[in-house]
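S.K.: Residues 79 to 575 (this note's numbering) are what the sequence shown spells out, left to right. Below is the structure I would like to discuss, written out as structure tokens.
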Amino acid sequence: MRTSKAVLIADLRSSPPKSSYEFSHRCADSLDAGDHLITLFGRHEKSNRHWGTIVTAVFQTTAGELKVFRGQAEDGKHYPSLTHTYPVAQIFERELWEQTGLQPDGHPWLKPVRFEGERQQRMTDYPFFKVRGREVHEVGVGPIHAGVIEPGHFRFMCLGEKVHHLEIQLGYQHRGVEALLLRRPPMALASIVESICGDSSVAYAWGYCAAVEALSNSPVSLETDLLRGIALEMERIAMHVATLNGLATDVAFLQGGGTYGRLRTAIINATQRVCGNRFGRGWLRPGRARELSEVLRQDLIQTLTAFARDFTEINELMLASLSVKARFQGTGIVSTKTAQELGLVGVVARASGVEIDTRVQLPGRVYERFPAELITESSGDCWARMKQRMREADASVQWLLKVLGDTALDLSGSAAPDALGKPLAPETLCLSLIEGTRGPVVQVLETSSQGQLLHYKVQDPSLPNWFGLAMALRDNDISDFPICNKSFDLSYCGNDL
Numbered sequence: 079m080r081t082s083k084a085v086l087i088a089d090l091r092s093s094p095p096k097s098s099y100e101f102s103h104r105c106a107d108s109l110d111a112g113d114h115l116i117t118l119f120g121r122h123e124k125s126n127r128h129w130g131t132i133v134t135a136v137f138q139t140t141a142g143e144l145k146v147f148r149g150q151a152e153d154g155k156h157y158p159s160l161t162h163t164y165p166v167a168q169i170f171e172r173e174l175w176e177q178t179g180l181q182p183d184g185h186p187w188l189k190p191v192r193f194e195g196e197r198q199q200r201m202t203d204y205p206f207f208k209v210r211g212r213e214v215h216e217v218g219v220g221p222i223h224a225g226v227i228e229p230g231h232f233r234f235m236c237l238g239e240k241v242h243h244l245e246i247q248l249g250y251q252h253r254g255v256e257a258l259l260l261r262r263p264p265m266a267l268a269s270i271v272e273s274i275c276g277d278s279s280v281a282y283a284w285g286y287c288a289a290v291e292a293l294s295n296s297p298v299s300l301e302t303d304l305l306r307g308i309a310l311e312m313e314r315i316a317m318h319v320a321t322l323n324g325l326a327t328d329v330a331f332l333q334g335g336g337t338y339g340r341l342r343t344a345i346i347n348a349t350q351r352v353c354g355n356r357f358g359r360g361w362l363r364p365g366r367a368r369e370l371s372e373v374l375r376q377d378l379i380q381t382l383t384a385f386a387r388d389f390t391e392i393n394e395l396m397l398a399s400l401s402v403k404a405r406f407q408g409t410g411i412v413s414t415k416t417a418q419e420l421g422l423v424g425v426v427a428r429a430s431g432v433e434i435d436t437r438v439q440l441p442g443r444v445y446e447r448f449p450a451e452l453i454t455e456s457s458g459d460c461w462a463r464m465k466q467r468m469r470e471a472d473a474s475v476q477w478l479l480k481v482l483g484d485t486a487l488d489l490s491g492s493a494a495p496d497a498l499g500k501p502l503a504p505e506t507l508c509l510s511l512i513e514g515t516r517g518p519v520v521q522v523l524e525t526s527s528q529g530q531l532l533h534y535k536v537q538d539p540s541l542p543n544w545f546g547l548a549m550a551l552r553d554n555d556i557s558d559f560p561i562c563n564k565s566f567d568l569s570y571c572g573n574d575l
């Protein structure tokens, strides 16, 4: 096994899978040691060497290293659930059960994640949690909403106006992404990958490129990776500002509603001038990235400089608004302890005081050369999540100005065309982690003995974070839901793969 921080390569021939019993115990030991569970997933195996279901778990240790555990079990086998002791595993064990049939005995919340396969026609049978009492009532919202947004059903269990529990049912747009990714040549998947979650196109594309380049032993230049970093931070700014725009609109802060929308447009239009698409599609491809001429470089510097001035001003106005404070402060609190227990990631975890950021803890050479700042808030409420986005967007602007202003860097050419023709390493597992706007985008590629793509696992940071939104609503008024929902700003399609 070798790792370049956010990309891990494991030779599967030298590390055969363990028994399900040993696998579970190794996972439990790792969680006891304080390691962070990044992902846990499985696939069916029918080769002569292995049988049944192969399960893979990836952890980030307290020392900042990545490690992989693999286990094997008979199809449909029962195993002791980790969730009862380690709630962080709940969503992964549910997905594992839905995709492979492995049964986690003792799981307190075993129900489908996205209604795959035969379950797709049985969404009406969803086993909602029930709260009993004479004055308890339920409020259902969605899946069709009063706006042009994705489908999702929210079931509120209320006593009066207070929400005792919110249950979120997703899966209405399951697209079969992981199966689709196995139907085309590995080097021709970029257009699909960057369409998995439209507002995180760059994060997904970079993770895919890094993985196939590692599997084909086709390293790219530092300048190519820096161009990818520039694209990623432009995406981060645009999407954080889009969320701030929504938050301002939700509480009728009209100055913010008008200004944030204009500022976001300036950023995504600059992205379009570089690559031809406002969401960054086409900027990254295996072996290369769209270069920056000196004219485009100065264009970005001027755009970001003007953006920073207006962004600072509107942030100060929003932070000083008494009506914004009254609505956001103390609303939708997720404590640090709860965030850690649930395994929340990304911006919402950092807003609850959890120090977790792939760019800092697993930086790779881009963020080793130009370090990112680890930013956290402590209160874990809507106010903290708003401030977190303001500070992260501002930090991304400063990072970009520093990189773009480094005249020693030649960003005008980056192609490495030989990367497209090399075969993938056989019987190898590669994991890539890219810290997108919401959190780490996880992609795991596994090859067969012939070097063919055998399994492609995709995990959006929204997957573990949806339960955090449910916890944020507890003991809040039902009228607080819109701002809590927007402060999390999670992806429906990131769940409904």
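Ideal placement from N, C-alpha and C gives every residue a C-beta, glycine not left out. Quick caveat, the model's predicted, so the values are computed rather than measured.
1) Pull up the CB-CB distance for Ala111 and Thr140, whole angstroms please, since I reckon it's below 8 Å.
2) Between the segment 552–568 and the segment 456–470, can you find at least three pairs of beta-carbon atoms closer than 8 Å?
3) If you check the beta carbons only, do Phe119 and Phe193 fall under 8 Å apart?
4) Just reading off the beta strand (DSSP E) that Arg148 is part of, what are its end residues?
5) Between the C-alpha atoms of Arg552 and Ile379, what's the straight-line distance to the nearest angstrom?
6) Taking the alpha-carbon positions, what's the Trp361 to Arg306 distance?
7) Among the candidates Leu502, Leu523, Asp558, whose CA atom is the shortest distance from the CA of Ala404?
8) Select from Phe206, Gln247, Gly424, Lys208 the residue whose C-alpha is nearest the C-alpha of Pro221.
9) Does DSSP classify Thr321 as helix, strand or coil?
10) Measuring only the C-alpha atoms, how far is Pro95 from Ser108?
11) Measure the C-alpha to C-alpha separation of Ala309 and Ile315 and round it to an integer number of angstroms.
12) On the criterion of 16 or more Cβ atoms from any shown chain inside 10 Å, does Pro539 qualify as buried, or is it exposed?
13) Quick check for students: name the residue ranges of the beta strand (DSSP E) that lie wholly in the segment 194–256, counting only runs of 3 or more.
14) Measure the alpha-carbon distance for Arg210 versus Lys240 and round it to whole angstroms.
15) What does a CB cutoff of less than 8 Å around Thr327 pick up in its chain, not counting 5 residues either side in sequence?
16) Starting from the C-beta of Ser98, find all residues in its chain whose C-beta is less than 6 Å away, skip the five residues before and the five after it, and write them out in chain order.
17) Which stretch, first to last residue, makes up the beta strand (DSSP E) that contains His122?
18) In chain order, which continuous runs of the alpha helix (DSSP H) of length 4 or greater are located wholly inside the segment 382–433?
19) Who are the Cβ neighbours of Arg437 in its own chain at under 6 Å, not counting the five residues just before and after it?
20) Kindly identify the DSSP beta-bridge partner or partners of Tyr157.
21) How is the alpha helix (DSSP H) around Ser98 delimited, first residue to last?
22) Looking at the structure shown, is Phe137 part of a helix, part of a strand, or coil, going by DSSP?
23) With burial defined as no fewer than 16 other Cβ atoms inside 10 Å of the residue's Cβ, what is the status of Pro186: buried or exposed?
24) With H, G and I counted as helix, E and B as strand and the rest as coil, what does DSSP make of Cys508?
25) Among Leu322, Arg351, Ile270, which residue has its Cα nearest to the Cα of Leu402?
26) Let me check understanding here. Comparing Cα to Cα, which of Phe448, Arg262, Glu313 lies closest to Asp277?
27) Nearest by alpha-carbon distance to Pro501: which of Leu507, Ser490, Gly529 is it?
28) Assess, as a yes-or-no matter, whether the segment 422–433 is touched by the segment 513–522 under the definition of 3 or more beta carbon pairs within less than 8 Å.
29) Check each candidate in Gln177, Val217, Arg366, His223 and name the one with the smallest Cα separation from Arg233.
30) Pop quiz: Leu576 and Ile270 are said to be a contact at Cβ under 8 Å. What is the actual Cβ separation, rounded to whole angstroms?
31) Sort out for me which residues DSSP pairs Asp435 with in a bridge.
32) As a quick exercise: from Ser490, Thr525, His215, pick the residue whose alpha carbon is nearest that of Gln376.
33) How many whole angstroms separate the CB atoms of Met396 and Phe331, which I take to be in contact at a CB cut-off of 8 Å?
34) Between Gly354 and chain B, is there a C-beta pair that is closer than 8 Å?
35) In whole angstroms, what is the alpha-carbon distance linking Cys353 and Thr161?
36) Do Gly179 and Asp153 count as a contact pair if the criterion is CB distance below 8 Å?
M.R.: Let me lay it out:
1) Start at 1 with the first residue of the sequence shown, and residue 111 comes out as number 33. Start at 1 with the first residue of the sequence shown, and residue 140 comes out as number 62. Rounded, the Cβ-Cβ distance is 7 Å, consistent with contact.
2) Counting C-beta pairs with one atom in each stretch, the segment 456–470 and the segment 552–568 have three or more that are closer than 8 Å, which means they touch.
3) Residue mapping note: residue 119 aligns to position 41 of the sequence shown, counting from 1. Residue mapping note: residue 193 aligns to position 115 of the sequence shown, counting from 1. No, Cβ-Cβ distance for Phe119 and Phe193 is not below 8 Å.
4) What you label residue 148 is simply residue 70 of the sequence shown in a count that begins at 1. Arg148 -> beta strand (DSSP E) spans 144–151.
5) The residue you call residue 552 lines up with position 474 of the sequence shown. The residue you call residue 379 lines up with position 301 of the sequence shown. Going from the Cα of Arg552 to the Cα of Ile379 covers about 44 Å.
6) To locate residue 361, count along the sequence shown from 1; it is residue 283. To locate residue 306, count along the sequence shown from 1; it is residue 228. Their backbone Cα atoms lie some 8 Å apart in a straight line.
7) The residue given as residue 404 occupies position 326 in the sequence shown. Cα-wise, what sits closest to Ala404 is Asp558.
8) Counting from one through the sequence shown, the residue named residue 221 turns up at place 143. Residue Gln247 is the option with its Cα nearest to Pro221.
9) In the sequence shown, residue 321 corresponds to position 243, counting from 1. For Thr321, the secondary structure class from DSSP, reduced to helix, strand or coil, is helix.
10) Within the sequence shown, numbered from 1, the residue matching residue 95 stands at position 17. Within the sequence shown, numbered from 1, the residue matching residue 108 stands at position 30. Each residue's Cα considered, the two are about 17 Å apart.
11) Your numbering for residue 309 matches position 231 in the sequence shown. Your numbering for residue 315 matches position 237 in the sequence shown. Near 10 Å, if we compare the C-alpha coordinates of Ile315 and Ala309.
12) To locate residue 539, count along the sequence shown from 1; it is residue 461. Looking at its Cβ environment, which holds 16 or more other Cβ atoms inside 10 Å, Pro539 is buried.
13) 214–219, 231–237, 240–247
14) Here the question's residue 210 lines up with position 132 in the sequence shown. Here the question's residue 240 lines up with position 162 in the sequence shown. Approximately 15 Å between the Cα atoms of the pair.
15) Taking the first residue of the sequence shown as 1, we reach residue 327 at position 249. Here the set comprises Gly334, Gly335.
16) As a working note, residue 98 is residue 20 in the sequence shown. Once the five neighbours on either side are set aside, the close Cβ partners of Ser98 are Gly149, Ala151, Tyr157.
17) Start at 1 with the first residue of the sequence shown, and residue 122 comes out as number 44. Segment 114–122, the beta strand (DSSP E) holding His122.
18) 400–406, 414–420, 424–429
19) In the sequence shown, the residue the question calls residue 437 occupies position 359. The residues are Tyr445, Ala450, Glu513.
20) Position 79 of the sequence shown, counted from the first residue, corresponds to residue 157. DSSP lists Pro182 as partners of Tyr157.
21) Here residue 98 refers to the residue found at position 20 of the sequence shown. First-last of the alpha helix (DSSP H) with Ser98: 98–110.
22) Start at 1 with the first residue of the sequence shown, and residue 137 comes out as number 59. Correct three-state label for Phe137: strand.
23) Numbered from 1 along the sequence shown, position 108 holds the residue referred to as residue 186. Exposed is the call here.
24) Sequence index remark: in the sequence shown, residue 508 carries index 430 (1-based). Reduced to three states, the DSSP call for Cys508 is strand.
25) Within the sequence shown, residue 402 is the residue found at index 324, counting from 1. Here the sequence assigns Val to residue 402, which means Leu is not the residue at that position. Ranking Leu322, Arg351, Ile270 by Cα distance to Val402 puts Leu322 first.
26) Against the sequence shown, residue 277 aligns to sequence position 199. Among Phe448, Arg262, Glu313, the Cα nearest to that of Asp277 is on Glu313.
27) Counted from its first residue, the sequence shown places residue 501 at position 423. Per the Cα distances, Gly529.
28) yes
29) Locating residue 233 in the sequence shown gives position 155, where the first residue counts as 1. The shortest Cα separation from Arg233 among Gln177, Val217, Arg366, His223 belongs to Val217.
30) Only positions 79 to 575 of the chain appear in this structure, which leaves residue 576 out of reach.
31) Working through the sequence shown from its first residue, we reach residue 435 at position 357. Answer is none; Asp435 lacks a bridge partner.
32) Locating residue 376 in the sequence shown gives position 298, where the first residue counts as 1. The residue with the shortest Cα to Cα distance from Gln376 is Ser490.
33) Walking along the sequence shown from the start, residue 396 turns up at place 318. Walking along the sequence shown from the start, residue 331 turns up at place 253. The pair is a contact, with the Cβ atoms about 6 Å apart (cut-off 8 Å).
34) Among the protein chains of the structure shown there is no chain B, as only one such chain exists.
35) For the purposes of this step, residue 353 is identified with residue 275 of the sequence shown, where counting begins at 1. For the purposes of this step, residue 161 is identified with residue 83 of the sequence shown, where counting begins at 1. Roughly 44 Å separates the two Cα atoms.
36) For the purposes of this step, residue 153 is taken as the residue at position 75 of the sequence shown. For the purposes of this step, residue 179 is taken as the residue at position 101 of the sequence shown. The Cβ atoms of Asp153 and Gly179 lie closer than 8 Å to each other.
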